[in-house]
Amino acid sequence: MPFSAGSRNCIGGRYAMIGMKIMLSYIVRRFRMSTKQTMTDMRFRFDLTLKLESDYESSVFGVYTRMMFFLWSLILVLALVVWLVNVLLQNSFRFGTHLPRMEPYYPIIGNGLVFFGKSGNEMFDAFIKPFAEFEGWFQMWLGPKLVVSTSHPDIMQAVLMHPDCLEKPFIYDFAKLEHGLFGVEEDSFKNSHIDLKFLVLSTDHTWKSQRKALNPSFNVRILNSFIPVFIKCSNLLVNNLEKAVDQGGKMVSVLPYISKCTLEMVCGTTIGCDVLERSGKDTLLHNIDRCFELVAKRTVSVHQYADVLYRFMKDCAEEAQCRTLGCKYIDKIVELAKNQIKNVEDIESQEDFKKPQIFVNQLLSVKHNGNPFTDEEIAHNIYTIIVAESLRLAPSGPNIARQTMRDVEVGGLLIPSGNMIWLSIYAMHRRKDIWGPDADRFDPDRFLPERSDGRNANAFMPFSSGSRNCIGIRYAMIGMKIMLSYIVRRFRMSTKQTMADLRFRLDMTLKLDSGYDIFLERRL
């Protein structure tokens, strides 16, 4: 009975308890208290109310002060660690610090802010800009990692031909192509002696043996046997376009039509099944394109590099969903054909000629010297200079990367082993010191023999170069030319867009951000 009891107890018992509890709660939330006294050390004196004869001293520490001290200490330690890491990295990348540098640059995050929070088109323009500014090597920093970069044709050719520059760097791992873009079930390929990931990701040793095993599949005889499939798919393409075009002509977005046609060509010449007969192909194509876009975005987003962090981001969830839906669709296709095939080619190979074909259509519809191309001009040049000029302005793979396997000297720069090199085919194809002041203009005549004399032979590589170039070059060219010939024989094409209106977005393969609308009119 701390406040007595009975009818004459303390009337302020509850008042005292409430006040005491509130006071105590404020004290213990703000301070930590301690004392050297024990219970036996406490001595009380005779008084009306209980009082200590010994003192009331105790050690009081402000909780806020201690917390701030801890936080500032942590910040100081982290800053010291960051500084040490930056110094160590600068020393390891000292070989390239004399080169001109992409700006703006900041320690640790490198050029990351250039791409942060930007749209796909803005990221593409920001990425390409330094390649156009610097003639030779320059520094690009992906976070704390130096990437020596260039668009110089001779340096690019030297890198791509060098036997110690065949490795692909870590950014290609983001595509997760171990079993194709959508991770098709491994037992679907249990009889295959070729691992699908070698096309893009494999090490130099694995790549050489796998490439050698697959080369016979792309010889002239086998490629010629694909022509009936290309013709069948191209004929179906123009029939579908005719259904979409009125008698007087109509503005049509050609991307969905060409994507479907390309998918059917790839599957028809590899696993031999009719994809267009199945529902869900539109979703598959969307998932492929979206996956490519997310992977490309991740390559320049330093904060997404670590898998442990990327798993908690919105892009990771969307990428996983696209892969899951795509995997289900592809599993059904493989199930139809796996009893008839020895090997299944990766679905990514459709990009080799789908994008150039779309851009050929887009560029053919852009006026040349103020006038549309005549039927005679198309018939004369379709298989040569028009396709070449389209591939110059819109290469399927705009940028490629390599990693040094040993110390190499290329273009006057000694690059230690394990360093990353970034090459821009897109920027090289638009260099004004090679292609002239009108390098951004669509001018097929620049590939005429009389205008090609004296031009750097390494300045045109739409399908990469060297021993690790695209294995499907001839496959893509045959399919693209057949598809294009069917389109231009059936339709006249025009557009209000000019070359300056064409905007690209950052992606694994070159894609327009400005749309694929073309006015199609049937030929009589």
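Count the sequence shown with my numbering and you get residues 1043 to 1566, in order.
Note that beta-carbon positions come from the ideal geometry of N, C-alpha and C, so glycine has one too.
When rounded, the separation of the alpha-carbon atoms in G1460 and V1452 is 14 angstroms. When the alpha-carbon of T1082 is set against those of E1095, R1074 and P1211, the nearest one is in E1095. In the same chain as S1101, and ignoring 5 residues on each side of it, the C-beta atoms closer than 6 angstroms to its own belong to S1076, in chain order. Around the Cβ of D1549, a 10 Å sphere holds 16 or more other Cβ atoms; the residue is buried. Looking at the backbone, the Cα of D1357 and that of L1326 are separated by about 18 angstroms. Only buried fits N1329, as 16 or more other CB atoms lie within 10 angstroms of its CB.
Taking a cut-off of 8 angstroms on C-beta distances, the segment 1518-1525 does not touch the segment 1131-1148, as fewer than three cross pairs fall below it. Contact between I1463 and C1207 holds, with the beta-carbon distance rounding to 7 angstroms and staying under 8 angstroms. Between V1189 and M1182, the C-beta gap is smaller than 9 angstroms, which places the two residues in contact. With a cutoff of 9 angstroms on beta-carbon distance, D1559 and T1537 are scored as near each other.
Unbroken alpha helix (DSSP H) stretches of 4 residues or longer found wholly inside the segment 1292-1334: 1297-1312, given in chain order.
Taking the Cα of V1342 as reference, the smallest distance to any Cα among I1064, M1065, L1552 and L1184 is reached at L1184. Straight-line measurement puts the Cα of I1515 at about 12 angstroms from the Cα of L1433. Take C1052, set aside five residues on each side of it, and the residues of its chain with a beta-carbon closer than 8 angstroms to its own are F1045, S1046 and A1058, in chain order.
In this structure, the alpha-carbon of I1513 lies about 18 angstroms from that of Y1214. Counted as a single uninterrupted DSSP element, the alpha helix (DSSP H) harbouring F1157 occupies residues G1154 to F1157. When DSSP states are grouped into helix, strand and coil, P1486 belongs to the helix group. In this model, Y1098 and P1186 are separated by some 57 angstroms (Cα to Cα).
Fewer than three pairs of CB atoms, one per stretch, sit closer than 8 angstroms, so the segment 1248-1255 makes no contact with the segment 1494-1508. Inter-residue distance for L1465 and F1166 is about 14 angstroms (C-alpha atoms, whole angstroms). Around the beta carbon of S1321, fewer than 16 other beta carbons lie within 10 angstroms, which makes this residue exposed. In this structure, E1361 and L1378 do not form a Cβ contact; the two beta carbons are roughly 27 angstroms apart against a cut-off of 8 angstroms.
About 3 angstroms separates the beta carbon of A1469 from that of F1173, a gap short enough to meet the 8 angstroms contact definition. Shown here, L1562 sits in a strand according to DSSP, grouped into three states. As computed with DSSP, I1117 is found in no beta bridge at all. Around the beta carbon of N1153, 16 or more other beta carbons lie within 10 angstroms, which makes this residue buried. Its chain contains S1295 as the residues whose beta carbon lies nearer than 8 angstroms to that of G1557, once the 5 sequence neighbours on both sides are disregarded; these appear in chain order.
Between F1546 and N1277, the gap from beta carbon to beta carbon reaches 9 angstroms or more. Setting aside the 5 residues that flank it on each side, T1311 is surrounded in the same chain by F1268 and V1271, each with a C-beta closer than 6 angstroms to its C-beta; the list follows chain order.
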